[in-house]
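Undergrad: The structure that follows is given in the form of C-alpha cells.
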Amino acid sequence: MGELSEREMSADSRNLICSPQSPTRVENFYKTLAHPICYPDPVSNIKAAHSSVATKDKQNANIVVQSLAKRYGKYTVLEQVNMVVEPGEVYALTGPNGAGKTTLIRCITGLVFPSEGEVFLKGHNVYTHGTAARSHLGAVVEAPAAFYRHLTGTENLEAHATMAAQAPGAKRVAKDRIREVLSLLEIHRMSDRKVAEYSLGQRQRLGVAAAILTDPDILILDEPTSGLDPLGIGLIHRILSSMAASGKSVILSTHHLREVAQYAHTVGILSGGRLVDQVDLNARQNAFKFQVDDPTRAAALLQSLPFVNRAYTRANHTIAHLESDFDVSNALSKLLNEGVRVMEVGPDLFDLYDYYRERVEQ
Amino acid sequence: MLSLILLEFRKLLGYRSVRLALVILFLLPWIWSFAPALDKVYGLVLTSMWQMPALSLLTVMQFILPLLVGMTAAELLGAEVSAGTLAPLLLRPLERYKALGAKYVVALLYPLVLLSVLLLSSLLAGARFGLGGFAGGTGFGEGGFIGLGFLEPLDALGQIVRSYFIAGATLAPIAALALMFSVIYMNTAAAALATIATLNILRLLIVFPWLEGWLLTSYLDAYVGTPATLLKALVILLLYTVAIMSVGLYIFEKKDL
C-alpha cells in the first residue's frame, strides 16, 4: 500500500506522545523512529530525553522519512534516517561534505530509490505514488539550479509550468504567476534573456523561482544560497521564512549555520550517512546552563521534574530545557534542596556552529 | 502528453548535433550532384531530378544517417543529464514513463525530419537535371537507376516518398537503441558509441546463417527491397523498436538520478 495508512499513522502517533513522565514511550519512539545517537550525551541517553523533535505529529506532517537507507554495493551512503517535518517548519539539513545530504534530498524527492525505508510527502509514498506526492513539491536539487540554456528565464519557467500541469487535476500556472515569482526573486529584468547569459547567482534565484512557481506545500532546496551575494542570501532566507510562516514545510541543505539558525525550527546534522542529531531550535530558547558541583547528579534531578523537557551534561555544566523561563527558580530550588551546590545559572546561549562542530567531531 | 512532445521538439532544435545534421544533409545532395566521377563509382549518369533522392539516401544510409540519428537520440537524454535539467523535469508531478515516452516519440520522428531535409535538398540540387518524366529509374523501383522505361514524375515521386518513409522506419530502432543506451549510461557519447558498436556487431553476426533473418541490420536496406520482403522487414523493425523502447522505459523507471 502506497499511502500512509490510518492505522499506521495512529499507531505511530501513539508512539509519538511522549512526555518526561512516560520515558518508556519516549524510548519506544527512539527505537522505532529515531536512533539512539540522537541523544546528546550519555546522561540524557539514560534519562530518556524529551524534545519537541521527538513529539512531532506524523499524521499531520508534510514530510515523513522512515528508516531510510541507501547503499551502493558495500558502500553505505545513508543509514536509518528518520525525519518528520510539519507544516510551517523550516528544517535545515547540514553536515560535512560527503555526509549524504544530497543523496538524502534526492531520496526524499524520489529521484533516488532507497535500499530500505519510505518517504511520504503529504501522506503519499514518493516511490509508489510519485505523481501525487510531487504535486505538492517544489525543489531545487542542484547548485546552481540547472535550466535550458538556449531558452529565456520566462521560457524555462513556462516549461516548468507545462510539466507541473501534468499532475491529475492540476491547473496551468498563469503567466502572471511567472512574472510574480520573477519579481519576487528580483530577476524580472533578466526574464527575457537566455539563461546562458545568467550569472551563477541569477540562475540560483531562477531555481528558487521555479521551485515556488506552483506555490507548493513542500519546498526542498539543496544549498539554495550557493553562489549568491549577501543580499541574495538574505532574500532567499526571507522568502523561505515567509513561506514557512504561511504553513509550508521547507527542507534546505546548507552550510550557513548561523544564518539559518535565525529562522530554522529544526537542524538535522548528518554525518557519515547517519542523522546524528536533530536540534530543536525552538526548545533551545528555554535552555539554561547550571554550573554545579555534580553535573551528572544535577541532570538526573532536573530530568525528574515535570517542567524539564530535557537535561544533560556538557563540559562540567548541566543543561536543562525548561517549559518556560519562569521555571528557572523552581529548578534551582530543587537542586539546592537536594544538596547540590549551584555556583551560577544563566541562559544557555546556543551557537549552532559550535554545536555542529562538537557533534561532527564526536 | 502533446505539450511534452512539443517541449521535447523545442529542446531538440537547440542541440548542436541537430544543427550539424541538418547542415550536412542539406549540403550532401549538392555535393553529389556536382560529383564528376559518379559514373565510375556508382555506374550512374544523372538524367533527372528524380534520381537525386535515391543517390543521396544510398550514400548516407550506410553510416552517416545512423550516426546522426544515434547521436541526437542519445543526446535527448544525455544532454539533460550533463546540463542537470533531467532532475528538475522529474521533480515535477510527471510519470517517468511519460517523460521518457515523449523523448521516444521525438527520437522516432527525428529521422523523418532529417529525411525530409535530405529529400528537399536532393530535389533542389537535382532540379537542373530536369523535373519532367524521364527514361530510367529513380533507384528505388524495379531496375534501379536504369528502370523499366519511361517514368512519369508522379510515379517517381510516389516511389521516392514511399522509400523515404521506409528509410524512416529502418532508422526508428536505431533511434530507440541510442535512447535506451542513453538511459543505461546517462551519457551522450557513450550511448552513441554503444549504438554504433551494436550495429556493427549485428552486421558481423551474419556469419550465423540461422540468425540472419532476425538481425536488425538485415533490414536496414528495406527501402530498396521488393514489396514481397517489405512486410516482414517492417514487422521485424517494429518488433525491435517496441522491444528496445520497453527495455529503456523499464530501466528508466528504476534508475537512480
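Chain order of the listed sequences is S and E. Sequential numbering of the first sequence, starting at 3, is according to our numbering. Sequential numbering of the second sequence, starting at 6, is according to our numbering. By construction, the Cβ of each residue, glycine as well, lies at the ideal position given by its N, Cα and C atoms. Source: prediction; values computed, not measured.
1. Based on DSSP bridge pairs, tell me the residues matched to G270 (chain S).
2. So what does E360 (chain S) bridge to, in DSSP terms?
3. Is V114 (chain S) close to chain E? Criterion is C-beta to C-beta, closer than 7 Å.
4. DSSP has R240 (chain S) in a bridge; who is on the other side?
5. Assuming the contact rule is C-beta atoms closer than 8 Å, V114 (chain S) and D226 (chain E) should be a hit. Round their C-beta distance to whole Å, please.
6. Starting from Y200 (chain S), find everything on chain E with Cβ-Cβ shorter than 7 Å and list it in chain order.
7. Do the segment 298 to 318 of chain S and the segment 102 to 116 of chain S make contact, defined as three or more Cβ pairs closer than 8 Å?
8. Contact between the segment 347 to 361 of chain S and the segment 81 to 101 of chain E is defined here as three or more beta-carbon pairs at a separation below 8 Å; is this criterion met?
9. Does any residue of chain A have a CB that is nearer than 7 Å to the CB of T77 (chain E)?
10. Would you list the residues sitting across from A313 (chain S) in a DSSP beta bridge?
11. Kindly list, in the order they appear in chain E, the residues whose Cβ is closer than 7 Å to that of M165 (chain S).
12. Would you kindly report the start and end of the unbroken beta strand (DSSP E) that includes G348 (chain S)?
13. Where are the beta strand (DSSP E) runs, 3 residues long or more, that stay fully inside the segment 91 to 152 of chain E, in chain order?
14. So what does DSSP say about D329 (chain S), is it helix, strand or coil?
15. Would you kindly work out how many angstroms separate the C-alpha atoms of I266 (chain E) and A238 (chain E), rounded to a whole number?
16. Looking at chain S, which residues of the segment 41 to 60 of chain E have a Cβ within less than 9 Å of any of its Cβ atoms?
17. Can you name the start and end residues of the beta strand (DSSP E) that I253 (chain S) belongs to?
18. So, under 8 Å CB-CB, T222 (chain E) and L207 (chain E) are touching, yes? Tell me the CB distance rounded to an integer number of Å.
19. Buried or exposed for K177 (chain S), going by 16 or more other Cβ atoms inside 10 Å?
20. Anything in chain S within Cβ reach of K16 (chain E), meaning under 7 Å, just list it in chain order.
21. At a CB-CB cut-off below 8 Å, which residues of chain E make contact with Q293 (chain S)?
22. Among S:T216, S:Q206, S:S255, which has the Cα closest to the Cα of L223 (chain S)?
23. Relative to the C-alpha of S251 (chain S), which residue among S:K76, S:H138, S:A317, S:N158 is closest?
24. Using a beta-carbon distance cut-off of less than 9 Å, what residues from the segment 110 to 136 of chain S approach chain E?
25. Using a beta-carbon distance below 7 Å, is E225 (chain S) in contact with chain E?
26. Since K72 (chain S) sits in a beta bridge, which residues does DSSP pair it with?
27. Using the Cα positions of D194 (chain S) and A202 (chain E), report the straight-line distance between them to the nearest angstrom.
28. Just to confirm, is the Cβ distance from G171 (chain S) to L202 (chain S) under 7 Å?
29. Can you tell which of S:L334, S:N64, S:Y74, S:E144 has its C-alpha closest to the C-alpha of V294 (chain S)?
30. What residue range is occupied by the uninterrupted alpha helix (DSSP H) comprising L256 (chain E)?
31. Which whole-angstrom value is the C-beta distance of A141 (chain S) and E225 (chain S), which I expect to be below 8 Å?
32. With which residues is G140 (chain S) paired in a DSSP beta bridge?
33. Check whether the segment 335 to 343 of chain S and the segment 33 to 43 of chain E are in contact - that is, three or more C-beta pairs closer than 8 Å.
34. Quick one: complete alpha helix (DSSP H) runs, 4+ long, within the segment 161 to 211 of chain E?
35. Tell me the DSSP secondary structure of N127 (chain S) in three-state form.
36. At the level of alpha carbons, what is the spacing between S54 (chain S) and D282 (chain S)?
TA: Once the coordinates are examined:
1. S:L95, S:Q280
2. BP columns for E360 (chain S) are empty, so no partner.
3. yes
4. According to DSSP, R240 (chain S) bridges with nothing at all.
5. With 8 Å as the limit, V114 (chain S) and D226 (chain E) do not qualify as a contact, their Cβ atoms being about 43 Å apart.
6. By Cβ distance, chain E contributes nothing, its closest Cβ being about 13 Å from Y200 (chain S), past 7 Å.
7. no
8. no
9. This model lacks chain A altogether; the protein chains it does include are S and E.
10. S:A322
11. L94, R97, L99
12. 344 to 349
13. none
14. helix
15. No answer is possible for residue 266 (chain E): the residues shown for chain E start at 6 and end at 262.
16. none
17. 251 to 255
18. 4 Å
19. exposed
20. Y150
21. Within chain E, no residue comes near Q293 (chain S); the closest Cβ sits about 50 Å away, beyond 8 Å.
22. S:S255
23. S:H138
24. T111, G112, L113, V114, F115, G132, T133, A134, A135, R136
25. no
26. S:L80
27. 43 Å
28. no
29. S:L334
30. Checking the sequence shown, residue 256 (chain E) turns out to be Ile, not Leu. Taken as a continuous stretch (DSSP letters only), the alpha helix (DSSP H) holding I256 (chain E) covers 232 to 259.
31. Between E225 (chain S) and A141 (chain S) the Cβ distance is about 12 Å, and since that is not below 8 Å, they are no contact.
32. S:L221
33. no
34. 193 to 209
35. strand
36. Note that S54 (chain S) scores 43 on pLDDT, short of 50, meaning its location in the model is unreliable; the coordinates nonetheless yield the value given after this. Cα to Cα, the separation comes out at about 7 Å.
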